[in-house]
Every structure is written in structure tokens, then in C-alpha cells.
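Only one structure is covered here, and it is reproduced in the block below.
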Amino acid sequence: MKFKSNLSIAVIVVLSILFFNCKNEVKKDKAIVENKESIEKKKNNEAVKTPKGMVWVEAKTFTQGAKPNDKYALPREKPGHTVSVDGFFIDATEVTNKQFKAFVDATDYITVAERPISWEDLKKELPEGTPRPHDSVLKPGSLIFNKDVKQVANMVNYEQWWRWQTGADWKHPEGPESSIKGKDNYPVVHIALEDALEYCKWANRRLPTEAEWESAAQGTNRENVYTWGDDFNVLDSHANTWQGVFPVKNEPTDGFEFIAPVKSYDPNSIGIYDMMGNVWEITSDLFNENYYAEINPNDVLNNPKGAKVGYSIGKPYIEENVIKGGSFLCNASYCASFRISAKMGMEPNSSSDHIGFRTVATPDMLKE
């Protein structure tokens, strides 16, 4: 009996050794395959020259959404969750007036803000029975910030500091009497989703996903609240935002009262400019207030493309796109959206004087 018992133990030991050796060989083979794939991918990426005006963002795994030490984080940014994003190229700056003009000159494209508003299209996005507005409201135009506001009743009704300006568009950012002369290197604004997509089609680019945008903003980091780190106190020297009392008093201690030229501040750790403040940037993701809350916290999302359906509190009839980065109107007392995880929704046919965009490209796109 003792002999049989010892023999059984010996057999178990031998089988265990064989099993673990096989398992280790499988792991080793898998690691070799993955390493070969990684090397091959890197070679393919290195074979593509970085386009002028763009920056390569390395593949990384990082925390998307709110960081534990971010006191300004809103519920829609929570919880922070792990994502893995492949490498890609991104514009070093927002698309400028000069770049957008080249697109318009080449294609004769007319932006959404330059077209009369179709009541038939508009009423599809409104509650049934909404009366037709006056014809003056349907004339071409866009939203601009009301610089003449002296006081507001509350911070809920944003119509107190926004107004519809007939004739405002990318060439006339403050109305028909204004122009972009001498502002080639300013971000193009009064851009609707369709305008950004048409530019991308022409330039062989696309809009970034929200995850790609955050990956680029993080640069060589993975957990930053801001593009420069976690220190709110140096905001004024790193981004164009609102100082003073929003929306009635702006103290331009950051050097600019309203919109600023691109590259007015130092870039992040990999050479990307102005991802905080100046103008909001359009992404390809749909805006959904509950998207992060519905993600399994144990999952690592690989190249996520956002919510499958949009949802915005108070706007059940419209699917909005995520915009990132905040703008020259962001203030700690109001939206505090000069943070990497911050986001808002933008109606697809809407445009304003503080929303622009930048584009991305993958190596495969550039090989086509």
C-alpha cells in the first residue's frame, strides 16, 4: 500500500511538471507571437512619415474619465475606467482659419452656419407642436457670446449670455461686419459636426474618439487631471480660460480676453498645443450622460468608440456629440471644463464662437 501510495505521488508530480511545462511553453509561445505582432505594428507605424503639423501618440493603457483627485469632476465623467488605445497621429493644434480656408477654396463648401435654416429639418428635433419661429430666426447665423452682459439672474439659464447672431460664421465670427483678416493662425470656429466631417473627408483625416482625445491630452502620462499635471494653480499660464466673475467680468490675466491664436501656450509632454481652453473640440463619440456608469469597471475597453446611443438630460429629441477641452469661456465657478476628463454635448447642427476641432489619422489611413 505504501509502495502504491508513493507511486501515485510520483505520477502526480511528474504529470504536474509536464502540465506546468506545457503551460509555460504556451505562455512563452503566446508572448513571442504578441511580441512579434507588437514589433511588426511598430515597424508599420515607423514606415509612415509623420504628416506635417501632426504628432504621433503612442499606444497606451490609461484611466479615461474622472481621476480620484479631481474635485471638479462631474457625474457624467465617473467612474474613471481603464481603456487601451492604439497609436495614432493627431493635429498639433486645432484646425486653423488658414487650413479651413484651403478646404473651402478647394471644394466651394458652404458651412451649416452660412445656410438658411430649414424649418422642416429643425422641427424634427423639437417637441411635437412647437410653433414655427419668425423668419428672422431661420436666417443663416450662429451663436456668439454676449460680451455686453453686466449681470445675470442665475447660472442656469445660459440664454442670458448667448445670443443668435445673423450672419455669424467662420469668416465672420462676430457677425457680418467682422472678419478673420490677420487671423490665419486662430482656431476656426462656428463649425457644426457636418462641417468638421466634410473637412476630414477632404483632408483624409477623421475626428478623434473621446478615448483618443484623452490619450493625446495625457501625453506621456496616464493619470493627469490637466495636460500639464494636477496643479490647478498654474492654469493661467497653461490655458486660455475665463478669469474673474463669469459671465460679467473677465480679467485676462492669462494674456487673452477671448479667443487666442494657436500655440499661445506651451505644448503638453508630446508637443500638442491648446487641448485645455481656447475652443472646445468635437469628437466622434455620441454624448451620453450615463455611458461611464454603465461600463463594467473590471473590463479594459479596447479602442472604445463611445456610447451606442446618445442621451442628454433635457434634450431627449437630439443626439449630441461629445466635445472636449473647454474654451476661453470656462471658469472654475461655472463649467470648470479645462480638465482632460471634462466633456459636454454639442447638437449636430449647432455652431458657436467657441467650438472648433482637430483631426487624427492612423498609419493605415495614410497608406491608402
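Counting in UniProt numbering, the sequence shown tops out at residue 368, every number present.
Note that the Cβ used here is the ideal one computed from N, Cα and C, for glycine as well.
- prompt: Less than 8 Å separating the beta-carbons of alanine 361 and proline 79?
  reply: Not in contact: alanine 361 and proline 79 (Cβ atoms no closer than 8 Å).
In whole angstroms, what is the alpha-carbon distance linking serine 38 and alanine 59?
In this predicted model, serine 38 has a pLDDT of only 47, less than 50, meaning its place in the structure is not dependable; the value taken from the coordinates is given anyway. Their Cα atoms are separated by approximately 10 Å.
Open item on the list: Among Trp280, Pro208, Ala307, whose alpha-carbon lies nearest the alpha-carbon of alanine 293?
Closed with: Ala307
_Whether leucine 286 touches valine 83 by CB criterion (8 Å)_ = no
Note to self: I'd like the list of long-range same chain contacts for arginine 132, defined as Cβ closer than 7 Å, with 5 residues on each side in sequence excluded.
What the structure shows: These residues qualify, in order along the chain: Trp119.
Could you check what DSSP says for alanine 47 in three-state terms: helix, strand or coil? coil
How long is the line joining the alpha carbons of isoleucine 295 and histidine 81, rounded to whole angstroms?
Answer to the nearest angstrom: the Cα atoms are 8 Å apart.
key: For leucine 74 and alanine 352, the rounded distance between their alpha carbons   = For the record, residue 352 in the displayed sequence is serine; it is not alanine. Each residue's Cα considered, the two are about 23 Å apart.
### Message
Rounded to whole angstroms, what is the Cα-Cα separation between lysine 305 and isoleucine 180?
### Response
Going by C-alpha positions, lysine 305 is about 34 Å away from isoleucine 180.
Hey, how far is the Cα of phenylalanine 357 from the Cα of serine 284?
11 Å
TODO: Leaving out five residues on either side along the sequence, give the residues of the same chain with a beta carbon under 7 Å from the beta carbon of leucine 138.
DONE: Hits under 7 Å: Pro116, Ile117, Trp119.
* To do: Compare the Cα-Cα distances from tyrosine 72 to each of Gly345, Ile340, Leu366 and report the closest residue.
  => Of Gly345, Ile340, Leu366, the residue nearest in Cα terms is Ile340.
*Ends of the beta strand (DSSP E) at glutamate 214?*
That residue, glutamate 214, is in no beta strand (DSSP E); its alpha helix (DSSP H) goes 210 to 218.
*Just curious, the beta strand (DSSP E) that aspartate 91 is in, first and last residue?*
88 to 91
| Should tryptophan 164 go down as buried or exposed, given a rule of 16 or more other Cβ atoms within 10 Å for buried? | Its Cβ having fewer than 16 others within 10 Å, tryptophan 164 is exposed.
Q) Of all the options Asn221, Val112, Gly219, Asp254, which has the alpha carbon lying nearest to the alpha carbon of asparagine 233? A) Asp254
Whole-angstrom distance between aspartate 86 and isoleucine 32, CA atom to CA atom
Any reading at isoleucine 32 needs caution, since the residue's pLDDT is 44, under 50, leaving its predicted position unreliable; the model's value is listed next. Rounded to the nearest angstrom, the two C-alpha atoms are 20 Å apart.
May I ask which residues mark the beginning and end of the alpha helix (DSSP H) holding glutamine 64?
Here glutamine 64 belongs to no alpha helix (DSSP H); instead the beta strand (DSSP E) covers 60 to 64.
Can you check DSSP and say which residues form a bridge with serine 118? Serine 118 is not bridged to any residue.
Enumerate in chain order the residues of its own chain whose CB-to-CB distance from glutamate 223 is below 8 Å, with the five nearest sequence positions on each side excluded.
Phe62, Thr63, Lys67
Exercise for review: Give the DSSP-derived three-state secondary structure of asparagine 349 in the structure shown.
Suggested key: coil
Query - Rounded C-alpha distance that separates methionine 276 from lysine 249 - result: For methionine 276 and lysine 249, the distance between alpha carbons rounds to 21 Å.
Practice item. With a 10 Å radius around its C-beta and 16 neighbouring C-beta atoms as the bar for buried, classify serine 333 as buried or exposed. Key: exposed
Check your understanding: Since asparagine 97 and lysine 183 are thought to touch, with beta carbons under 8 Å apart, how far apart are those beta carbons, to the nearest angstrom?
Key -> Between the beta-carbon of asparagine 97 and that of lysine 183 there is about 6 Å, and that keeps the pair under the 8 Å contact cut.
### Message
Determine whether the beta carbon atoms of histidine 354 and valine 279 lie at a separation below 8 Å.
### Response
yes
*asked:* So, for valine 225: in the same chain, excluding its five sequence neighbours on each side, which residues have a beta-carbon less than 6 Å away from its beta-carbon?
replied: Lys67, Asp70, Arg339.
Identity of the residue in Glu319, Met344, Phe328, Thr93 nearest asparagine 185 by Cα
Thr93
Secondary structure of alanine 361, DSSP reduced to three states
strand
Among Val48, Asp231, Trp170, Lys123, which one has its Cα closest to the Cα of valine 104?
The shortest C-alpha separation from valine 104 is found at Trp170.
task: Quick one: residues in its chain with C-beta nearer than 7 Å to the C-beta of aspartate 195, no 5 flanking neighbours on either side, listed in chain order?
output: Thr111, Val112
Notebook entry, point to check: In whole angstroms, what is the alpha-carbon distance linking lysine 23 and serine 350?
Noted result: Low local confidence applies: a pLDDT of 45 at lysine 23 is under 50, so the model's placement there is unreliable, with the coordinate-based value given in what follows. Looking at the two C-alpha atoms, the distance is approximately 57 Å.
Item to check | Own chain residues within Cβ distance below 8 Å of leucine 126, not counting five before or after | outcome: Tyr317
On a Cα-Cα basis, can you pick out the residue from Glu289, Cys330, Trp242 that is closest to arginine 76? Glu289
inquiry  = By the DSSP assignment, the beta strand (DSSP E) with residue 372 in it spans what residues?
reply    = The structure shown does not extend to residue 372, since the chain spans only 1 to 368, so no value can be given for it.
* Cα-Cα separation between aspartate 364 and alanine 336, rounded to whole angstroms -> 36 Å
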